[in-house]
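Asker: Order-wise, the sequence lines are chains Z and A. First residue of the first sequence: 6, per our numbering; consecutive thereafter. First residue of the second sequence: 6, per our numbering; consecutive thereafter. Glycine is no exception: its CB is placed at the ideal position from the N, C-alpha and C atoms.
There are 2 protein chains.
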Amino acid sequence: MLLRVKLTDDFYLGPGKADLLELIAETGSIGAAGKRMEMSYKRAWSLVQVMNAAFPAPLVETTRGGSGQGGAVVTPLGQKVLTHYRTMQRKTEAAIADDITALLVDMSGKK
Amino acid sequence: MLLRVKLTDDFYLGPGKADLLELIAETGSIGAAGKRMEMSYKRAWSLVQVMNAAFPAPLVETTRGGSGQGGAVVTPLGQKVLTHYRTMQRKTEAAIADDITALLVDMSGKK
Chain Z
6 MLLRVKLTDD FYLGPGKADL LELIAETGSI GAAGKRMEMS YKRAWSLVQV
56 MNAAFPAPLV ETTRGGSGQG GAVVTPLGQK VLTHYRTMQR KTEAAIADDI
106 TALLVDMSGK K
Chain A
6 MLLRVKLTDD FYLGPGKADL LELIAETGSI GAAGKRMEMS YKRAWSLVQV
56 MNAAFPAPLV ETTRGGSGQG GAVVTPLGQK VLTHYRTMQR KTEAAIADDI
106 TALLVDMSGK K
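#1: Output needed in chain order: residues of the segment 50-63 of chain A with a Cβ under 7 Å from some Cβ in chain Z.
#2: Using a C-beta cutoff of 9 Å, does D24(Z) count as contacting chain A?
#3: How is G76(Z) classed by DSSP in three states: helix, strand or coil?
#4: Check for me: the alpha helix (DSSP H) holding E43(A) runs from which residue to which?
#5: Give a yes or no on whether 9 Å exceeds the smallest Cβ distance from A30(A) to chain Z.
#6: Under 9 Å, do L8(A) and L7(Z) count as touching if we go by C-beta distance?
#7: Which chain A residues are close to R9(Z), counting only those with a beta carbon under 9 Å from its beta carbon?
#8: Taking Cβ positions, are V86(Z) and L26(Z) nearer each other than 9 Å?
#9: Any beta carbon of chain A sitting closer than 9 Å to that of V86(Z)?
#10: Can you find a C-beta in chain Z that's less than 9 Å from the C-beta of G33(A)?
#11: On a CA-only basis, which of Q94(Z), A100(Z) and T92(Z) is nearest R95(A)? Give me that one, please.
#12: Can you give me the C-alpha to C-alpha distance between T67(Z) and G76(Z), rounded to a whole angstrom?
#13: When burial is assigned at 16 or more other CB atoms within 10 Å of the CB, is K22(Z) buried or exposed?
#14: Could you confirm whether any beta carbon from chain Z is found closer than 9 Å to the beta carbon of T67(A)?
#15: The segment 99-116 of chain A: which residues have C-beta closer than 8 Å to a C-beta of chain Z, in chain order?
#16: Drop a sphere of 10 angstroms on the beta-carbon of A59(Z), count the other beta-carbons inside from all chains shown, and report buried for 16 or more, exposed for fewer.
#17: Go ahead and pull the three-state DSSP assignment for L64(Z).
#18: Looking at chain Z, is there any beta carbon in it that lies within less than 9 Å of the beta carbon of T97(A)?
#19: Using only alpha-carbon positions, find the residue among G19(Z), P20(Z) and W50(Z) that is nearest to S34(Z).
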């Protein structure tokens with residue numbers, strides 16, 4: 006089940022942004038997170054910029070480590086947004102379960 | 006809100022197929038329905054084939070009129086599938102309304 010939610014005319018929250026947030030939290034890196042999704046660094050960075058611009062405070066903050074390699078953290082606001090998305094997925098799955106069952110019965114041809 | 010439901014490994018039901026069914030029922034023509042969606046006849050026809058193949062009976066039946074121009078009707082099974090999709094959309098909207106409200110508050114920066 007794929008759920009994409011339109012929050013403003015030009016900001017949608019869907020599985021791509023949610024997975025990216027989750028993987029940034031896990032890996033501490035935008036590049037590593039993007040790589041896991043087979044997404045270019047440019048694309049991952051661009052999605053982070055879009056998310057950060059949509060909220061009054063960033064969802065992902067970048068830092069520069071001593072070695073010059075940047076890290077990234079998901080802020081509490083970012084975690085909150087991610088949690089809302091996962092909650093919406095769970096609620097949607099529960100809400101549509103009966104219709105999916107009925108459709109699968111229709112597809113199987115059984116009464 | 007965009008909802009796409011995976012029913013089998015290679016059959017998804019989403020807004021495109023649902024809107025196409027609805028417009029075929031309305032216009033009585035696959036071509037006219039596709040045109041309203043700015044979709045080529047080939048693409049609309051292909052989506053109908055995919056839908057018909059996924060169920061044990063067709064969701065859309067085509068007929069040839071006296072003038073040689075083909076018409077199309079959505080079968081009772083097709084109407085049932087469309088109704089399930091619209092019902093899932095409504096249920097999803099209701100299920101996620103509180104999370105969307107919370108996200109919009111976060112986006113506005115207000116407490």
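Answerer: According to the structure shown:
#1: So the close ones are A59, F60 and P61.
#2: Locating residue 24(Z) in the first sequence gives position 19, where the first residue counts as 1. No, D24(Z) lies away from the interface with chain A (no Cβ there is under 9 Å from its Cβ).
#3: Taking the first residue of the first sequence as position 1, residue 76(Z) is located at position 71. The answer is strand: DSSP assigns G76(Z) an E or B state.
#4: In the second sequence, the residue the question calls residue 43(A) occupies position 38. Element bounds for E43(A): n/a, residue is neither H nor E.
#5: As a position in the second sequence, residue 30(A) is number 25, starting the count at 1. No, A30(A) does not count as interfacial toward chain Z.
#6: Mapped onto the second sequence, residue 8(A) falls at position 3. Mapped onto the first sequence, residue 7(Z) falls at position 2. In contact: L8(A) and L7(Z) (Cβ atoms closer than 9 Å).
#7: Stepping through the first sequence from its first residue, residue 9(Z) is reached at position 4. Residues of chain A passing the Cβ test: M6, L7, L8 and R9.
#8: The residue you call residue 86(Z) lines up with position 81 of the first sequence. The residue you call residue 26(Z) lines up with position 21 of the first sequence. Cβ atoms of V86(Z) and L26(Z): closer than 9 Å.
#9: In the first sequence, residue 86(Z) corresponds to position 81, counting from 1. Chain A, which has a Cβ nearer than 9 Å to the Cβ of V86(Z), makes this yes.
#10: Mapped onto the second sequence, residue 33(A) falls at position 28. No, G33(A) does not count as interfacial toward chain Z.
#11: Residue 95(A) sits at position 90 when you count from the first residue of the second sequence. Considering only Q94(Z), A100(Z) and T92(Z), the residue with the shortest C-alpha distance to R95(A) is A100(Z).
#12: Within the first sequence, numbered from 1, the residue matching residue 67(Z) stands at position 62. Within the first sequence, numbered from 1, the residue matching residue 76(Z) stands at position 71. Their Cα atoms are separated by approximately 6 Å.
#13: The residue labelled residue 22(Z) in the question sits at position 17 within the first sequence. Its Cβ being crowded by 16 or more others within 10 Å, K22(Z) is buried.
#14: Numbered from 1 along the second sequence, position 62 holds the residue referred to as residue 67(A). With 9 Å as the cut-off, T67(A) does not count as an interface residue toward chain Z.
#15: A99, A100, I101, D104, I105, A107, L108, L109, D111, M112, S113 and G114
#16: Here residue 59(Z) refers to the residue found at position 54 when the first sequence is read from its first residue. So A59(Z) counts as buried.
#17: As a working mapping, residue 64(Z) is identified with position 59 in the first sequence. The answer is coil: DSSP assigns L64(Z) none of H, G, I, E or B.
#18: On the second sequence, position 92 is the one that residue 97(A) refers to. So yes, T97(A) belongs to the interface.
#19: Numbered from its first residue, the first sequence carries residue 34(Z) at position 29. The candidate whose alpha carbon is nearest that of S34(Z) is W50(Z).
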